[in-house]
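Notes follow once the structure below has been shown.
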Amino acid sequence: MFKKILVPLDGSECSRRALEAAIQIAQGFDGGLTLIHVYSIGGLAASPEPVYGFIEAIRKVGSRILEEEKKKVEERDI
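Read left to right, the sequence shown gives residues 5 to 82 (the working numbering).
This is how it looks when you write it as structure tokens:
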């Protein structure tokens, strides 16, 4: 029934619980997961240099979140 489940992650406890629920559903239906982390830079009013540094910091945090949660998924053979 569920072939692919999109799981948004932001590092919060709520998103961790959502991932756990998605893992259980995927296991029950022999499905797969796609993990995603999205950030918004809208509304930033600064010169390009400080904004670029801010964006890079957010990107690194997002990558860390995805890598940590990806390990959990792989450990469960999803």
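Each residue gets a CB set at the ideal place from its N, CA and C atoms; glycine is no exception.
Source: prediction; values computed, not measured.
Beta-bridge partners of P12 (DSSP): I40. At a Cβ-Cβ threshold of 9 Å, I45 and I27 do not count as neighbours. R21: member of the alpha helix (DSSP H) spanning E17 to F33, first to last residue. Residue environment: V55 is assigned as exposed (fewer than 16 neighbouring CB atoms within 10 Å of its CB, all protein chains considered). DSSP places F6 in the coil class of the three-state scheme, outside both helix and strand.
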